[in-house]
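Colleague: Chains as they are written, first to last, in full-length UniProt numbering: chain G, 1 to 201; chain W, 1 to 201.
We treat Cβ as the ideally placed atom computed from N, Cα and C, and that holds for glycine.
All figures in this text were calculated on a predicted structure; none of them were measured in a lab.
One structure follows; several queries about it will come next.
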DNA sequence: GTCCCGATGTATCGGCTCGATACATCGCAA
DNA sequence: TTGCGATGTATCGAGCCGATACATCGGGAC
């Protein structure tokens, strides 16, 4: 999964490890806090060894922010890497439908075809529905065996599942009807009834 | 975290691995699908080595469903294990506030004191609020740099965060006002005030 | 002036966890 | 009678995280 994410980001621009991590954090921030270095650097090594990525020349610095030339290693994607990316993006397995896998695939949805998008959305929906049914099962069958806190947790989980299923169904409908980029057609991000902190002068 | 969960379950009744896994799946099913055997059995070994749990005699079978005496190993918690459980339940660190840790702690909330419950609820709220702020940041600052799908994912994540914060605040209010077992006051799943878990014939 | 801290940057190590796999027994149905 | 699914214990490889180490740079405190 991390492999897919790295290839996807490097396809946009060459980057070094530190930058990749930050980019990963903002784009995939929905799923995990940030990838750890203990994962990132060995993976970069592995991808380089496999030939999907290669070190870019440090001479012409594409990246503006930093100045001098310490150890910084800039990677770029290779032609084989692009093929690999396309393959990974299209291939689906069970791991495609859990939180991390779905998030990464979804992030790169604009780079794949509608059929794949639909397949993944429906697979994810199936997965969440299974979880939902499991929770309903527990709540209806084992409710008397569980204490109030455990029950409350299950209810909250059930709620989240139902909400996600609805979200997925909306997205699926959009895909089917041709409106590719899914979203709330509201022009703003903030319906947000009360007044949180969205005032910016 | 798994350690805490196992000790908690074994405090209710002696169990063997397979049973623990099922119990884990229903009680903590909200967080993860089910713990894998590759994790469970080594952990049981480790806990036994540490002295927190011990093998129960297979002679008198406490568990009704199964019959004969294959390899089945039934574990029970030791006195040291109970202390350990109480410690783990009270101690809080950063890992207490991520999904898995919070879920396990919450599941055993009825076995700890109100002060600890409040501390954990507030810690979790802080954590989710941080994530929420991060997402708002991205949505307001980097919105033009991201494609529609990525944005939609962030929005969905933000939504989930806001929802969880509201849920946590409700729970915190309940705790503060003395209404210990948190719940929707709907009668549907039994208010459950007068029956903790101390019934064993 | 200098000294320390936080951001930038690469890298490794131990430990937890998962998924796959292997092996073995039991009850039941084709 | 055969064989399949549930029950049950156990190991292995690989991915990932958190902690840690090391090194440079810019800027603010003193």
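Spell out whether any CB of chain G is found under 8 angstroms from the CB atom of residue 48/W.
Modeller: False, the Cβ-Cβ gap to chain G never drops below 8 angstroms.
Colleague: Quick one: what does DSSP say residue 110/G is sitting in, helix, strand or coil?
Modeller: In the structure shown, residue 110/G sits in a helix (DSSP, three-state: H, G or I).
Colleague: Report the rounded CA-to-CA distance for residue 33/W versus residue 98/G, giving the unit in angstroms.
Modeller: Residue 33/W and residue 98/G: Cα-Cα distance of roughly 10 angstroms.
Colleague: Could you confirm whether any beta carbon from chain W is found closer than 8 angstroms to the beta carbon of residue 16/G?
Modeller: For residue 16/G, the answer is no, since every Cβ of chain W falls outside 8 angstroms of its Cβ.
Colleague: Please look up how many angstroms separate the CB atoms of residue 111/W and residue 89/W, rounded, as I've assumed it's under 8 angstroms.
Modeller: Their Cβ separation, rounded to whole angstroms, is 6 angstroms, which keeps residue 111/W and residue 89/W in contact under 8 angstroms.
Colleague: At a threshold of 7 angstroms, does residue 27/W count as lining the ligand ATP (C-beta to nearest heavy atom)?
Modeller: Summarising the ligand content, the structure contains no ligands, and the ligand ATP is consequently not present.
Colleague: Just tell me which of 42/W, 151/W, 129/W and 148/W has its CA closest to the CA of residue 165/W.
Modeller: Comparing Cα positions, the closest option is 129/W.
Colleague: Looking at chain W, which residues of the segment 106 to 122 of chain G have a Cβ within less than 7 angstroms of any of its Cβ atoms?
Modeller: Those residues of the segment 106 to 122 of chain G that come within reach of chain W (Cβ to Cβ, closer than 7 angstroms) are 106, 107, 109 and 110.
Colleague: Taking the alpha carbon of residue 51/G as the reference point, which residue from 80/G, 20/G and 27/G has its own alpha carbon closest?
Modeller: Nearest of 80/G, 20/G and 27/G to residue 51/G, Cα basis: 80/G.
Colleague: Throw me the rounded Cβ distance for the residue 53/W and residue 92/W pair, which I believe falls under 8 angstroms.
Modeller: No, residue 53/W and residue 92/W are not in contact; Cβ-Cβ is about 23 angstroms, not under 8 angstroms.
Colleague: Would you decide whether residue 60/G is buried or exposed? Buried here means 16 or more other CB atoms lie within 10 Å of its CB.
Modeller: Here the model assigns residue 60/G a pLDDT of 45, short of 50, so the residue's position is not dependable, and the following value carries that caveat. Residue 60/G should be labelled exposed.
Colleague: Based on Cα-Cα distance, which residue from 136/G, 25/G, 144/G and 175/G lies nearest to residue 156/G?
Modeller: Of the listed residues, the one whose Cα sits closest to residue 156/G is 136/G.
Colleague: Where does residue 35/G fall in DSSP's three states?
Modeller: Residue 35/G falls in the coil class under three-state DSSP.
Colleague: Exposed or buried, residue 12/G, counting other C-beta atoms within 10 Å across all chains shown (16 or more means buried)?
Modeller: Counting Cβ neighbours within 10 Å, residue 12/G comes out exposed, since fewer than 16 surround it.
Colleague: For residue 165/G, report the span of its alpha helix (DSSP H) as first-last.
Modeller: It spans 148 to 176 - the alpha helix (DSSP H) in which residue 165/G sits, taken as one unbroken run.
Colleague: Check the DSSP bridge columns for residue 6/G and list the partner residues they point to.
Modeller: Per DSSP, none; premise fails for residue 6/G.
Colleague: Where does residue 14/G land, buried or exposed, given buried means 16+ other C-beta within 10 angstroms?
Modeller: Residue 14/G should be labelled buried.
Colleague: Can you grab the Cα-Cα spacing for the pair residue 45/W / residue 84/W, in whole Å?
Modeller: Those two C-alpha atoms are separated by around 16 angstroms.
Colleague: For residue 147/W and chain G, any beta-carbon pair shorter than 8 angstroms?
Modeller: At least one chain G Cβ lies under 8 angstroms of residue 147/W.
Colleague: Relative to the alpha-carbon of residue 168/W, which residue among 143/W, 159/W and 123/W has its alpha-carbon at the smallest distance?
Modeller: Nearest of 143/W, 159/W and 123/W to residue 168/W, Cα basis: 123/W.
Colleague: By the 10 Å Cβ neighbour count, where 16 or more other Cβ atoms means buried, how is residue 179/G classified, buried or exposed?
Modeller: Under this definition residue 179/G is an exposed residue.
Colleague: If you run the structure through DSSP and keep just helix, strand and coil, what is residue 74/W?
Modeller: It is a strand residue.
Colleague: Could you check whether residue 162/W and residue 118/W sit closer than 8 angstroms to each other, using their CB atoms as the reference points?
Modeller: No, they are not a contact pair.
Colleague: Looking only at its own chain, which residues have a Cβ that is under 6 angstroms from the Cβ of residue 47/G, when we skip the five neighbours before and after it?
Modeller: Once the five neighbours on either side are set aside, the close Cβ partners of residue 47/G are 53.
Colleague: Hey, is residue 153/W's beta-carbon within less than 8 angstroms of any beta-carbon in chain G?
Modeller: So, interface residue.
Colleague: Given a threshold of 16 other Cβ atoms within 10 Å of its Cβ, counted over all protein chains shown, does residue 39/G qualify as buried or as exposed?
Modeller: So residue 39/G counts as exposed.
Colleague: Spell out whether any CB of chain G is found under 8 angstroms from the CB atom of residue 96/W.
Modeller: No, no contact with chain G.
Colleague: What residues are listed by DSSP as bridge partners for residue 105/G?
Modeller: DSSP, once it has assigned bridges, lists no residue as partnering residue 105/G.
Colleague: Grab the span of the alpha helix (DSSP H) containing residue 95/W for me, first residue to last.
Modeller: From DSSP, residue 95/W is part of no alpha helix (DSSP H); its letter is neither H nor E.
Colleague: If distances are taken between C-alpha atoms only, which option among 87/W, 55/W and 35/W comes closest to residue 73/W?
Modeller: Comparing Cα-Cα distances from residue 73/W to each of 87/W, 55/W and 35/W, the minimum goes to 55/W.
Colleague: In whole angstroms, give me the CA-to-CA distance for residue 215/W and residue 173/W.
Modeller: Shown here, chain W extends from 1 to 201; a query on residue 215/W therefore has no answer.
Colleague: What are the residues in the segment 159 to 175 of chain W lying within 9 angstroms of chain G by C-beta distance?
Modeller: The segment 159 to 175 of chain W vs chain G, Cβ under 9 angstroms: 159, 160, 162, 163, 164, 167 and 171.
Colleague: Applying a beta-carbon distance threshold of less than 8 angstroms, which residues of chain G neighbour residue 92/W?
Modeller: Here the premise fails: no neighbours, minimum Cβ distance about 17 angstroms.
Colleague: Roughly how many angstroms lie between the CA atoms of residue 24/W and residue 2/W, to the nearest whole one?
Modeller: Their backbone Cα atoms lie some 9 angstroms apart in a straight line.
Colleague: Does the CB of residue 86/W have a neighbour CB from chain G at under 8 angstroms?
Modeller: False, the Cβ-Cβ gap to chain G never drops below 8 angstroms.
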